[in-house]
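Asks: Here the sequence shown stands for residues 1 to 393, numbered as in the working numbering. There's a structure below that I have some questions on.
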Amino acid sequence: MSRELKNGIFFVGALDRERTLFDGLIPLPNGTSYNSYLVRGSEKTALVDTVEPDKTAVLLGNLEELGVDKIDYIISHHAEQDHSGAIPEILARHPQAQVVTNPKCQKLLMSLLEIDENRIVTVADGDTLCLGDKTFRFFYTPWVHWPETMCSYLEEDKIAFTCDFFGSHLASDTLFVNNEQQVQNDAKRYFAQIMMPFRMQIRKNLEKIKALQIDLIAPSHGPAYDKPQMIIDAYSDWISDSVKNQVVLPYVSMHGSTQKMVDYFSQALAQRSVAVQAFNLVEADIGELAIALVDAATVVIGSPTVLTGPHPAAAQAAFLVNLLRPKTKFLSIIGSYGWAGKTVEQLKEMISRLQVEFLEPVLVQGRPKKQDLEALDQLADTIVQKHREIGII
Ligand code: FEO
């Protein structure tokens, strides 16, 4: 169903409540959406991004419902297929239509979707596109989150079309945010998986957004922001260097020994007023783990030793942390082993991209004994001391 954002500007995208995992990785408890917008100017009509290929019929139905018989431009902010996937079908149905994008995105669209070069016109950073009484201004936002990503600003209506930037995983019945707390959490889930590794690049691009007079932010996932300051403030916090007095503790246990250590250690941290979020990796929502990583000062991975190395579930968590590159400052490992192994060495290798101070791990043989619990107390004391040194306690 199409919905009008503002005079002559319509949501024509697709909600996706059925998809359970994004990128085959992050659970989608509230679904997601692929937002496409139709902008009708007095002389020309533009489609802003499209949808996942398997939602093409929804987009076409929405356009039909609005009686759209001619599209002059398809603005492509980003070549990833959840936004570009229906471009070939739109081009086939509208032979006069041109894709408007930047040169890097042009190359990707030609390669990913075999779009004919002659159907694409490129714009430079700062260029405009006039639809008559509506004017798009394009601004490049590289690495938010691909090298070619850009945004546009509809000058007369003060709308920023930001594609993945500020997106949230929420299949919302409402066009605009109606529950700020929920959307902020769904946007944080999105940020943690997609944007967090590019925190530093986002900083420069966020400044470009802040310099605009914006009434509406229309992203390509989740509802539009009619009070944009909320999400701008949230991003400012997420990309900053400031961390919180929190420990994220992803763990797995085989015979209960690592579980005992996690329970004891969690309590030891709580007694020292350090917040702990423990995730049993057997059943954890990896998206919640990613969200927790956005703010936490410290990560402690709990793993038993399987054969000679870390449990594969713990290895996956370490791989994910390394991939998402949170601003975490300190990291350690706890766990239990049977006879020997290289759990610590192998996990350390897996987090090589993180700029963290490694704290003395606690690896124990079998069930944790009195001296092992004392070592966990010592690790908790060290974490408190480190958090004090950086001024978050
Ligand atoms: Fe929503 Fe990078 O695609």
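Idealized CB from N, CA, C, for every residue including glycine.
Answer yes or no: do Pro-310 and Ser-336 have a C-beta to C-beta separation smaller than 8 Å?
Replies: Here residue 310 refers to the residue found at position 310 of the sequence shown. Here residue 336 refers to the residue found at position 336 of the sequence shown. Against a cut-off of 8 Å, the Cβ pair of Ser-336 and Pro-310 comes out as no contact.
Asks: Hey, Glu-156 and Asp-127: beta-carbon distance below 8 Å or not?
Replies: Within the sequence shown, residue 156 is the residue found at index 156, counting from 1. Within the sequence shown, residue 127 is the residue found at index 127, counting from 1. Contact: no.
Asks: Mind listing, in chain order, the residues whose beta carbon lies closer than 5 Å to a non-hydrogen atom of the ligand FEO?
Replies: Every residue passing the under-5 Å Cβ criterion appears here: Glu-80, Asp-82 and Asp-164.
Asks: At the level of alpha carbons, what is the spacing between Gly-287 and Glu-357?
Replies: The residue labelled residue 287 in the question sits at position 287 within the sequence shown. The residue labelled residue 357 in the question sits at position 357 within the sequence shown. C-alpha separation (whole angstroms): 25 Å.
Asks: For Asp-285, which option in His-387, Leu-320 and Ile-383 has the closest C-alpha, if you only look at C-alpha atoms?
Replies: Counted from its first residue, the sequence shown places residue 285 at position 285. Selected option, being the one with the closest Cα: Leu-320.
Asks: So what does Phe-11 bridge to, in DSSP terms?
Replies: The count along the sequence shown starts at 1 and reaches residue 11 at position 11. Under DSSP, the beta-bridge partners assigned to Phe-11 are Arg-3 and Tyr-37.
Asks: Less than 7 Å between C-beta atoms, sequence neighbours within five positions excluded: which residues of the same chain meet that for Val-183?
Replies: Taking the sequence shown and counting its residues from 1, the one referred to as residue 183 is at position 183. Result list for Val-183: Ser-168, Leu-170, Val-177, Gly-222 and Pro-223, in chain order.
Asks: From Pro-219 to Tyr-190, what does the alpha carbon distance come to, in whole angstroms?
Replies: The sequence position of residue 219 within the sequence shown is 219, counting from 1. The sequence position of residue 190 within the sequence shown is 190, counting from 1. Cα to Cα, the separation comes out at about 12 Å.
Asks: List the whole-angstrom C-beta distance separating Gly-302 from Met-261, where the pair is believed to meet the contact cut-off of C-beta under 8 Å.
Replies: Within the sequence shown, numbered from 1, the residue matching residue 302 stands at position 302. Within the sequence shown, numbered from 1, the residue matching residue 261 stands at position 261. Contact flag correct, Cβ pair sits at about 7 Å.
Asks: What are the boundary residues of the beta strand (DSSP E) that Asn-245 is part of?
Replies: Locating residue 245 in the sequence shown gives position 245, where the first residue counts as 1. For Asn-245, the uninterrupted beta strand (DSSP E) segment begins and ends at 244-251.
Asks: If you follow the alpha helix (DSSP H) that Gln-96 is in, where does it begin and where does it stop?
Replies: Taking the sequence shown and counting its residues from 1, one reaches residue 96 at position 96. Careful: Gln-96 lies outside any alpha helix (DSSP H) and carries neither H nor E.
Asks: Sorted by chain position, which residues of the same chain lie with C-beta nearer than 6 Å to Val-362's C-beta, five sequence neighbours on each side aside?
Replies: Residue numbering aside, residue 362 sits at position 362 when the sequence shown is read from its first letter. These residues qualify, in order along the chain: Ile-334, Ala-375, Leu-376 and Leu-379.
Asks: Whose CA, out of Thr-328, Phe-22, Glu-114 and Ile-9, lies closest to the CA of Ile-194?
Replies: Residue numbering aside, residue 194 sits at position 194 when the sequence shown is read from its first letter. Checked all of Thr-328, Phe-22, Glu-114 and Ile-9; the closest Cα to Ile-194 is Phe-22.
Asks: Provide the residue(s) that pair with Tyr-153 in DSSP beta bridges, ordered along the chain.
Replies: One-based indexing of the sequence shown puts residue 153 at position 153. Arg-137 and Ala-160.
Asks: Which residues share a DSSP beta bridge with Phe-358?
Replies: Counting from 1 along the sequence shown, the entry for residue 358 is found at position 358. BP columns for Phe-358 point to Leu-331.
Asks: Roughly how many whole angstroms lie between the Cα atoms of Glu-64 and Val-39?
Replies: Within the sequence shown, numbered from 1, the residue matching residue 64 stands at position 64. Within the sequence shown, numbered from 1, the residue matching residue 39 stands at position 39. Roughly 15 Å separates the two Cα atoms.
Asks: Please report how far the alpha carbon of Arg-441 lies from the alpha carbon of Asn-185, in whole angstroms.
Replies: No information on residue 441 is available, as it lies outside the stretch 1 to 393 that the chain covers here.
Asks: Would you kindly check if the distance between the Cβ of Ile-383 and the Cβ of Leu-433 is under 8 Å?
Replies: Nothing can be reported for residue 433: it is not among the residues displayed for the chain, which extend from 1 to 393.
Asks: Could you tell me the alpha carbon to alpha carbon distance between Ala-297 and Arg-272, rounded to whole angstroms?
Replies: For the purposes of this step, residue 297 is taken as the residue at position 297 of the sequence shown. For the purposes of this step, residue 272 is taken as the residue at position 272 of the sequence shown. C-alpha of Ala-297 to C-alpha of Arg-272: approximately 15 Å in a straight line.
Asks: With a cut-off of 8 Å on the beta carbons, I'd call His-78 and Glu-148 a contact; round off their distance for me.
Replies: As a first step, residue 78 is located in the sequence shown; it is residue number 78 there, counting from the start. As a first step, residue 148 is located in the sequence shown; it is residue number 148 there, counting from the start. Confirmed, Cβ separation roughly 7 Å.
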